[in-house]
Structure formats: structure tokens, C-alpha cells
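My numbering numbers the first residue of the sequence shown as 40 and each following residue consecutively.
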Amino acid sequence: MSNLERDPREIRCATTGTGEGAEMLTGREVPLGGPRAMTVRRTLPGAHRRMIGAWCFVDAYGPQRATMRVPPHPHTGLQTVSWLVAGEVLHRDSLGTLQEIRPGQLNLMTAGRGISHSEESPETVLHGVQLWVALPDAHRHTGPGFEHHPDLPVLSGPGFAATVVMGSLGGVTSPATAYSPLVGAEVAVDGMGEVPLDPAYEHGLLLLDGEAALVGPGPSEYGPLEYGPLEYGPLVYLPPGRAAVRLSGRGRVLLIGGEPFGEELVMWWNFVGRSHDEIAAFRKEWAEGEGFGAVEGFDGAPLPAPVLPGTRLKPRGRVR
Numbered sequence: 040m041s042n043l044e045r046d047p048r049e050i051r052c053a054t055t056g057t058g059e060g061a062e063m064l065t066g067r068e069v070p071l072g073g074p075r076a077m078t079v080r081r082t083l084p085g086a087h088r089r090m091i092g093a094w095c096f097v098d099a100y101g102p103q104r105a106t107m108r109v110p111p112h113p114h115t116g117l118q119t120v121s122w123l124v125a126g127e128v129l130h131r132d133s134l135g136t137l138q139e140i141r142p143g144q145l146n147l148m149t150a151g152r153g154i155s156h157s158e159e160s161p162e163t164v165l166h167g168v169q170l171w172v173a174l175p176d177a178h179r180h181t182g183p184g185f186e187h188h189p190d191l192p193v194l195s196g197p198g199f200a201a202t203v204v205m206g207s208l209g210g211v212t213s214p215a216t217a218y219s220p221l222v223g224a225e226v227a228v229d230g231m232g233e234v235p236l237d238p239a240y241e242h243g244l245l246l247l248d249g250e251a252a253l254v255g256p257g258p259s260e261y262g263p264l265e266y267g268p269l270e271y272g273p274l275v276y277l278p279p280g281r282a283a284v285r286l287s288g289r290g291r292v293l294l295i296g297g298e299p300f301g302e303e304l305v306m307w308w309n310f311v312g313r314s315h316d317e318i319a320a321f322r323k324e325w326a327e328g329e330g331f332g333a334v335e336g337f338d339g340a341p342l343p344a345p346v347l348p349g350t351r352l353k354p355r356g357r358v359r
């Protein structure tokens, strides 16, 4: 699933502090594709914090009974990371890929200089996340590609088991292609678990299902400092400097992170670029049917690009 907003705009998300530099990004509800469309909660990009590492887009949806139907649409300058908790989704792209994804499997699409794809599902209970990773300048014009990983490595420790979706966690590395130092993992918590982190990374935590709480690193003789339960919806941001995060409860949590991304980006609709003129050129290519290939087999027309805003789009950093 991608950005199907008819009038894409800069996003205003609330941000509140949670102690020791942590922030709670509450996001906003976004209907995708019309009044009867699925609703997602978008926590990245936000009004203040636009990225966590190279992760630049986080949509969470479900559980809800729905039929996904996302017509062919373009992407540039990013990777799409599709992860399901429940349901099934069929991916088609302009490379000729036809690949279903189910819970516990990764669909990773690298847009590079340009690709188009569609997504659809039967009526079913859908629950998952759609994420984007911004490609650094050195790799953003790479050729498009697609990877399906049905089996992913797991980092286990007392009280937790983390499926490593992207990048590396605690010495366990995903086979998925990554172009910057990052991590993406689904952490299943059962009791109290201490998940190792790279202190050079900033991180984000998103509750997927069940119950889990973020526990502080208080001295053991005084007992743990409870930050409180994670809530459905908000994304909790943790700044660099942590070597571990303690989680308690019984549930599943999405962990994303990476080295702070130093480049300024222009994000509009389904494009990631570096300037207004570049985005305008991408839009023109899509409107004229050039540069993104064709998605074969989807029963319907491609998604038309929205109208560009009246003011010029500005490059922005990870925080503003």
C-alpha cells in the first residue's frame, strides 16, 4: 500500500515528550482512495520529526475487514517495505513480478530511478504496516528491483524473539538489500525482554498487537522505571545513545531505526526526490506514461497523479 491521498500535503502530527529525550508521535488518520477506503494511521513523516534513520514513511492499518485495491502507481528514490500481521496481499510491478505476501514474510521493492506497482487482496482481515526507506543520494538512481523473503532470521533472548526484517539487530542480519545502516524488526515480547540496540542509531517503536510496555533502565536495586504501556497508534521515538530497550508484556512491537539521515529530501505523493523541479519531472513522466513501465494483469486503470501544490516544494531535513 502506498500514498493514495488525492491532495498530498505536508503532514501535521502531534509530538509529545515521554522522558529522557523520547517523543510520542501520534500521527493522523488518512483514508486511502475515497470515502469507503481503508484508513491508516500515518506517523511518519510528521510536522516536527520526518524520519527515523532512513525510514521516512510509516502507515499502520487494521485489524479491519477490508478489500485492498491499490491501482498501479509510481515510485522513485525509495524502498517499500510491506509487513503483515494478518491477511494476504498480491503485489504486481512493472518488472513483471507477481508475488503474494503473508504474515511473517517480507516484500521489498526498490524503486531507484523509477518503478510502478499495484496491490490487491480479497475481502479479509487486513492488519499490517507499510514503510518506506529513503535511498541515499549515491543509490537513489539505481535500477528498480524486487525481493520476496519468506524466511527471515530471528534474534532470541530472555523474554523476546525478534524477526529481523531489514538491516541488523544484535549481530543478526536480514538477507534483504539495504543501502544505509538501519534496522527493522518485529519483536515478540513474552514477559520482560531487553532488546540490544545500536547506540549510534535513533529508533522508533510501534505496538502491533497484544500489550507491551516500555521500561526504563533504572538501577536494579530501586526497581525498573516504568515509562508505561505502548498505545495502539502512536510511534515512540528514541534518540541515539541507547544500547538496549526494555519491553515487558505479551505482544508484538515494530522496531525501526538507523543512523540519522543527513540529506534533505522532497517527499510528495509517491516520489522521493531532492528538488521541486525533480518531483515535477517525475509527475510529468508518470502522466505521459514514460519512465515507470507498465503493470500487467491489474484489472483497472493506473492511478492519476494529483495536481502539484501552488507553491514550490522545499527540501527538508529529518527534523524541522
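The C-beta atom is built at its ideal place from N, Cα and C for all residues, glycine as well. Given the structure is predicted, the values throughout are model-derived calculations rather than measurements.
Cβ-based neighbour list, residue i, same chain, cut-off 6 Å, excluding 5 preceding and 5 following
{"i": "leucine 342", "result": "Pro110, His112"}
{"i": "glutamine 360", "result": "One cannot answer for residue 360 here, as it falls past the ends of the chain, which runs 40 to 359."}
{"i": "glycine 285", "result": "Here the sequence assigns arginine to residue 285, which means glycine is not the residue at that position. Hits under 6 Å: Glu233, Val254."}
{"i": "glycine 243", "result": "Ile91, Leu274, Tyr276, Ile295"}
Residue interval of the alpha helix (DSSP H) (run including residue i)
{"i": "glutamate 317", "result": "315–326"}
Whole-number beta carbon distance between residue j and residue i, since they are thought to touch under 8 Å
{"i": "leucine 129", "j": "glutamate 162", "result": "Contact flag wrong, Cβ pair sits at about 13 Å."}
{"i": "alanine 217", "j": "leucine 208", "result": "Incorrect: roughly 12 Å between the Cβ atoms, too far for contact."}
{"i": "leucine 269", "j": "leucine 294", "result": "Not confirmed; about 11 Å, so no contact."}
{"i": "isoleucine 191", "j": "valine 172", "result": "In the sequence as presented, isoleucine is not what sits at residue 191; that position holds leucine. Not really, about 16 Å apart at Cβ, beyond 8 Å."}
{"i": "leucine 64", "j": "methionine 107", "result": "Contact flag wrong, Cβ pair sits at about 25 Å."}
Residue i burial status per 10 Å Cβ neighbour count (16 or more: buried)
{"i": "alanine 99", "result": "buried"}
{"i": "glycine 66", "result": "buried"}
{"i": "leucine 137", "result": "exposed"}
{"i": "alanine 227", "result": "buried"}
{"i": "glycine 328", "result": "exposed"}
{"i": "arginine 359", "result": "exposed"}
{"i": "aspartate 338", "result": "exposed"}
{"i": "glutamate 62", "result": "buried"}
{"i": "threonine 119", "result": "buried"}
{"i": "glutamine 103", "result": "exposed"}
{"i": "serine 195", "result": "exposed"}
{"i": "tyrosine 240", "result": "buried"}
{"i": "glutamate 139", "result": "exposed"}
{"i": "glycine 267", "result": "exposed"}
{"i": "arginine 141", "result": "exposed"}
{"i": "alanine 105", "result": "buried"}
Where the beta strand (DSSP E) containing residue i begins and where it ends
{"i": "threonine 78", "result": "78–83"}
{"i": "alanine 173", "result": "163–173"}
{"i": "proline 102", "result": "94–105"}
{"i": "methionine 90", "result": "From DSSP, methionine 90 is part of no beta strand (DSSP E); its letter is neither H nor E."}
{"i": "alanine 61", "result": "61–64"}
{"i": "aspartate 132", "result": "128–132"}
{"i": "threonine 149", "result": "145–149"}
Reduced DSSP category for residue i - H, G, I as helix; E, B as strand; rest coil
{"i": "serine 213", "result": "coil"}
{"i": "methionine 306", "result": "strand"}
{"i": "arginine 118", "result": "The amino acid occupying residue 118 in the given sequence is glutamine; arginine does not appear at that position. Correct three-state label for glutamine 118: strand."}
{"i": "valine 226", "result": "strand"}
{"i": "histidine 207", "result": "It is worth fixing the name first, because residue 207 is serine in this sequence and not histidine. In the structure shown, serine 207 sits in a strand (DSSP, three-state: E or B)."}
{"i": "histidine 187", "result": "strand"}
{"i": "histidine 178", "result": "coil"}
{"i": "serine 219", "result": "coil"}
{"i": "tyrosine 276", "result": "strand"}
{"i": "glycine 249", "result": "strand"}
{"i": "glutamate 270", "result": "coil"}
{"i": "proline 348", "result": "coil"}
{"i": "glycine 288", "result": "strand"}
{"i": "glutamate 298", "result": "coil"}
{"i": "aspartate 237", "result": "coil"}
{"i": "phenylalanine 361", "result": "Summary: the structure shown does not reach residue 361, with the chain confined to residues 40 through 359, and so no result is reported for it."}
{"i": "proline 111", "result": "strand"}
{"i": "alanine 282", "result": "coil"}
{"i": "leucine 71", "result": "coil"}
{"i": "glutamate 158", "result": "strand"}
{"i": "glutamate 139", "result": "strand"}
{"i": "arginine 359", "result": "coil"}
{"i": "valine 254", "result": "strand"}
{"i": "leucine 342", "result": "coil"}
{"i": "arginine 125", "result": "Before going further, note that residue 125 is alanine rather than arginine in the sequence given. The answer is strand: DSSP assigns alanine 125 an E or B state."}
{"i": "valine 334", "result": "coil"}
Nonlocal neighbours in the same chain, by C-beta distance under 7 Å from residue i, ignoring five residues either side
{"i": "alanine 344", "result": "Trp308, Arg322, Trp325, Ala326"}
{"i": "isoleucine 50", "result": "Confidence is the limiting factor: at isoleucine 50 the pLDDT is only 36, short of 50, which leaves the residue's position unreliable, though a coordinate-based value still follows. Excluding residues within five positions, the ones whose Cβ falls inside 7 Å are Arg67, Arg81, Pro84, Gly85, Ala86."}
{"i": "leucine 115", "result": "Sequence inspection shows threonine at residue 115; the leucine mentioned does not correspond to that position. Once the five neighbours on either side are set aside, the close Cβ partners of threonine 115 are Ala150, Arg152, Gly153, Phe310, Val311, Gly312, Phe321."}
{"i": "glutamine 347", "result": "Residue identity check: residue 347 is leucine in the sequence provided, not glutamine. So the qualifying residues of the chain are Ala319, Arg322."}
{"i": "phenylalanine 331", "result": "Pro113, Ser133, Gly153, Ile154, Ser155, Glu324, Trp325"}
{"i": "aspartate 248", "result": "Val124, Gly290, Arg291"}
{"i": "valine 334", "result": "Pro111, Arg131, Asp132, Ser133, Ser155, His156, Ser157"}
Nonlocal neighbours in the same chain, by C-beta distance under 8 Å from residue i, ignoring five residues either side
{"i": "glutamate 303", "result": "Arg313, Pro354, Arg355, Gly356"}
{"i": "histidine 178", "result": "Gly151, Tyr218"}
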